[in-house]
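Heads up: the sequence shown begins at 32 in my numbering, then just goes up one per residue. To keep things clear, I will list the structure first and then write my remarks on it.
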Amino acid sequence: GDGSEFGVKITYLIEQEELKTAGSILPGKGLVKEDFLVVMGDSIMGIDIAEMAKQHRHSGAIATLALKEQEMYFEYGVVDMEDGCVKHFREKPKIDYLANAGMYMFRHKAFEFIEKVGGGSVCDFAHDVFPALLKQGEKICAYTFKGYWVDIGRIADYEKYRGKGVLKGIMGKDFL
Numbered sequence: 032g033d034g035s036e037f038g039v040k041i042t043y044l045i046e047q048e049e050l051k052t053a054g055s056i057l058p059g060k061g062l063v064k065e066d067f068l069v070v071m072g073d074s075i076m077g078i079d080i081a082e083m084a085k086q087h088r089h090s091g092a093i094a095t096l097a098l099k100e101q102e103m104y105f106e107y108g109v110v111d112m113e114d115g116c117v118k119h120f121r122e123k124p125k126i127d128y129l130a131n132a133g134m135y136m137f138r139h140k141a142f143e144f145i146e147k148v149g150g151g152s153v154c155d156f157a158h159d160v161f162p163a164l165l166k167q168g169e170k171i172c173a174y175t176f177k178g179y180w181v182d183i184g185r186i187a188d189y190e191k192y193r194g195k196g197v198l199k200g201i202m203g204k205d206f207l
């Protein structure tokens with residue numbers, strides 16, 4: 032829809048050729064006059080966007096990334112070595128980390144960096160834009176959220192969550 036039922040205006044821009052994650056937003060530069068939100072299309076998340084926007088505005092950062100606390104279990108024991116000798120052994124350890132959830136809030140001036148980094152077209156947020164912003168000394172902040180996050184960017188993940196009924200639980204009974 033056009034967003035009117037939620038009190039917002041949504042404009043869709045369709046890529047004619049692959050421009051990657053950051054390059055794909057450049058055609059929208061003329062439509063945006065202030066801070067803007069970018070959401071990757073392969074994630075479903077329960078996040079308070081208004082709270083993220085508030086934090087972003089107060090931070091003074093050029094970008095704010097939505098992050099989700101995750102944990103990963105190794106399938107094997109992990110060994111730390113020093114000078115050919117085992118120093119630590121951890122059996123199937125759990126690692127806690129913050130995952131990039133694929134939602135970013137930017138100041139309008141971020142368009143300038145995206146154009147510069149990508150030469151006006153093809154470039155990626157994670158590989159090109161964020162490293163360039165940090166190298167330039169720009170501030171990037173994080174908004175860690177507690178709600179759900181489902182990454183369905185791969186067919187296998189989509190099928191896994193669909194098979195478990197997770198997607199219907201989040202999106203409603205008619206979700207494929």
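Even glycine gets a Cβ: it sits at the ideal position worked out from N, Cα and C.
Between the C-alpha atoms of Lys140 and Cys154, what's the straight-line distance to the nearest angstrom? 16 Å
Bridge partner(s) assigned by DSSP for Ala97: Tyr174
What residue does the alpha helix (DSSP H) around Ser74 start on, and which one ends it? Segment 74-76 is the beta strand (DSSP E) holding Ser74; no alpha helix (DSSP H) there.
Which runs of the alpha helix (DSSP H) spanning at least 4 residues fall entirely within the stretch 55-141, listed in chain order? 80-90
Quick check on DSSP: helix, strand or coil for Val181? strand
From this set, Glu106, Lys64, Met83, which residue's C-alpha is nearest Val70's C-alpha? Met83
Where the alpha helix (DSSP H) through Phe161 begins and ends: 161-166
Taking all protein chains shown into account, do 16 or more other C-beta atoms lie within 10 angstroms of the C-beta of Ile186, making it buried, or fewer, making it exposed? exposed
From Lys60 to Phe156, what distance separates their C-alpha atoms? 16 Å
Beta-carbon separation of Ala132 and Ser90 under 9 Å? no
Whole-angstrom distance between Gly168 and Val110, CA atom to CA atom: 36 Å
If you draw a straight line from the alpha carbon of Val39 to that of Gly32, how long is it in whole angstroms? 10 Å
In three-state terms, what does DSSP make of Leu207? Because the pLDDT at Leu207 is just 49, under 50, the model does not fix this residue reliably, and the value given afterwards should be weighed accordingly. Of the three classes helix, strand and coil, the one that applies to Leu207 here is coil, per DSSP.
Between Met136 and Glu122, what straight-line distance do the alpha-carbon atoms span, to the nearest angstrom? 39 Å
Rounded to a whole number of angstroms, what is the C-alpha to C-alpha distance between His158 and Tyr179? 25 Å
Going by beta-carbon coordinates alone, are Leu57 and Ser152 separated by less than 9 Å? yes
Check whether the Cβ atoms of Lys51 and Gly150 sit closer than 9 Å, and answer yes or no. no
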